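Asks: Right, I'll just put the structure down here and ask away after.
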Amino acid sequence: MFRTVGSYRVLEHVAGFPLILVLGKDYVLRCFHNVCRHRAYPVISSNKVGCRPNLGCKYHGWTYDLSGKLIKAPKFEDAEGFRKDQNSLFEVKTEIDEDGIVTVDLSSESKGSPVLDINKFKDGQVETWDVKGAFNWKVAECADAFNFPTLTRNDRGVQVRLGLARKLKHVKPSILADFVALPGHNAHLLMTIQPTTADACTVHCTLFVASSSHASSLTISSAKSDIAQSVLSLEKLYARVRESDAM
Ligand code: FES
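Quick look at the structure:
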């Protein structure tokens, strides 16, 4: 995802803050608020993913380098008291774990961002897909419904309880989202349930696999199959709940 200098990605809804992740010339992966220091227009307002030599705001042309420093401010350059070095983008602390998962920490000011070893993660793969289901989101939450019978099987063919995987690494970014490490697969799965009506949801799935290989293809197809099965189970459970309510 961040393979060349200037690669960026706009993150729109991190706790309600619009952010940008961008790879600098020094291979440091930095995160900034996507808010121009001039009149607060989004610095990147189109193409949510891409690669660019600098970060230029389209409103009045203020331009920042890839480390967030203001390098161009039309009509302000000679203004009395104006200092470019006091108008850098606001930076947010980032971290990269050993699997290449990037986290941003809005709770603290940046204390230095990590250097990205692009060779280490160059074979990584990201797969996204949606599954629609006829169930109310609360059923999924109450049932703790998502399990991964294929993905949690170890090499002796014995299923590892997901509870164990969750103890190892399971983060719940919100009541409707789960981020789970898949033991033995070198992969992480983010699932977000989006209610569409009282009786329907869409499950947004993003699978991060550390390498692109035959094994990772199997991981992806197993994840798709397991989640489809979980959604079917939820639909049946929700149908039973509705039947018992109607009695
Ligand atoms: S708001 Fe960005 S240049 Fe004016």
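Residue 174 in the working numbering sits at position 194 of the sequence shown; the count goes up by one each step and never skips. Quick reminder that beta carbons are idealized off the backbone N, C-alpha and C, glycines included. Since the structure is predicted, the reported quantities are computational estimates derived from the model, not experimental observations.
Just how far apart, CA to CA, sit Tyr218 and His13?
Replies: About 41 Å.
Asks: Does His40 pass the burial test, meaning 16 or more other C-beta atoms within 10 Å, or should it be called exposed?
Replies: Counting Cβ neighbours within 10 Å, His40 comes out exposed, since fewer than 16 surround it.
Asks: Alpha carbon to alpha carbon, what distance is there between Lys55 and Ala208?
Replies: Distance between the alpha carbons of Ala208 and Lys55 is about 56 Å.
Asks: Going by DSSP in three states, Leu198 sits in which element: helix, strand or coil?
Replies: Leu198: helix per DSSP, three-state reduction.
Asks: Leu198: which of Cys11, Glu107, Ala120 sits nearest, CA to CA?
Replies: Of the candidates Cys11, Glu107, Ala120, the one whose C-alpha sits nearest the C-alpha of Leu198 is Glu107.
Asks: Considering only heavy atoms of the ligand FES and the C-beta of each residue, which residues fall inside 6 Å, strictly closer?
Replies: Taken from the N-terminal end onward, the list reads Cys16, His18, Arg19, Tyr21, Cys37, Tyr39, His40, Gly41, Trp42.
Asks: For Ala95, which residues from the same chain have a beta carbon less than 6 Å from its beta carbon, with the 5 sequence-adjacent residues on both sides left out?
Replies: Contrary to the premise, residue 95 reads as Val rather than Ala in this sequence. The residues are Tyr7, Val8.
Asks: If you follow the beta strand (DSSP E) that Gly283 is part of, which residue opens it and which one closes it?
Replies: This structure cannot settle anything about residue 283, because the visible part of the chain is limited to -19 through 227.
Asks: Assuming Arg10 is part of the beta strand (DSSP E), what are its boundary residues?
Replies: 9 to 13 is the span of the beta strand (DSSP E), which, as asked, contains Arg10.
Asks: Can you find the residues in the same chain that come closer than 6 Å, C-beta to C-beta, to Ala190, ignoring five residues on each side of it along the sequence?
Replies: If we look at Ala190 and ignore the five residues flanking it on each side, its Cβ neighbours are Asp79, Gly104, Asn166.
Asks: Could you give the distance in angstroms between the alpha-carbon of Gly(-4) and the alpha-carbon of Leu46?
Replies: Approximately 23 Å, taken between the alpha carbons.
Asks: Express the C-alpha separation of Gly(-14) and Asn34 in angstroms, rounding to a whole number.
Replies: Rounded to whole angstroms, Asn34 to Gly(-14) spans 7 Å at the Cα level.
Asks: Tell me the rounded alpha-carbon separation between Asp206 and Phe101.
Replies: Roughly 26 Å separates the two Cα atoms.
Asks: What does the alpha-carbon distance come out to for the pair Leu212 and Thr83?
Replies: So the two alpha carbons sit approximately 32 Å from each other.
Asks: Should Cys122 be labelled buried (16 or more other beta-carbon atoms within 10 Å of its own) or exposed?
Replies: Exposed: under 16 other Cβ atoms inside 10 Å.
Asks: Roughly how many angstroms lie between the CA atoms of Leu214 and Leu170, to the nearest whole one?
Replies: Cα to Cα, the separation comes out at about 18 Å.
Asks: Could you tell me the distance, in whole angstroms, from the CA atom of Cys16 to the CA atom of Ser26?
Replies: Rounded to whole angstroms, Cys16 to Ser26 spans 14 Å at the Cα level.
Asks: Excluding the 5 residues preceding and the 5 following Gly36 in the sequence, name in chain order all residues of the same chain whose CB lies nearer than 6 Å to its CB.
Replies: Hits under 6 Å: Thr43.
Asks: To the nearest angstrom, report how far apart Asp85 and Lys112 are at their CA atoms.
Replies: The alpha-carbon atoms of Asp85 and Lys112 are separated by roughly 31 Å.
Asks: What residue ranges within the region 15 to 63 form continuous alpha helix (DSSP H) runs of no fewer than 4 residues, ordered along the chain?
Replies: For the region 15 to 63, not a single whole alpha helix (DSSP H) run of length 4 or above is found.
Asks: Taking the C-alpha atoms as reference points, what is the distance between His18 and Lys52?
Replies: Each residue's alpha carbon lies about 11 Å from the other.
Asks: Let's see if you can read the secondary structure: which residues bound the beta strand (DSSP E) around Met(-19)?
Replies: First-last for Met(-19): undefined, no H or E at that position.
Asks: In chain order, what residues of the same chain lie with their CB nearer than 6 Å to the CB of Cys11, ignoring the 5 residues before and after it?
Replies: Closer than 6 Å at Cβ, skipping near neighbours: Leu(-1), Leu1, Val72, Thr74, Val84.
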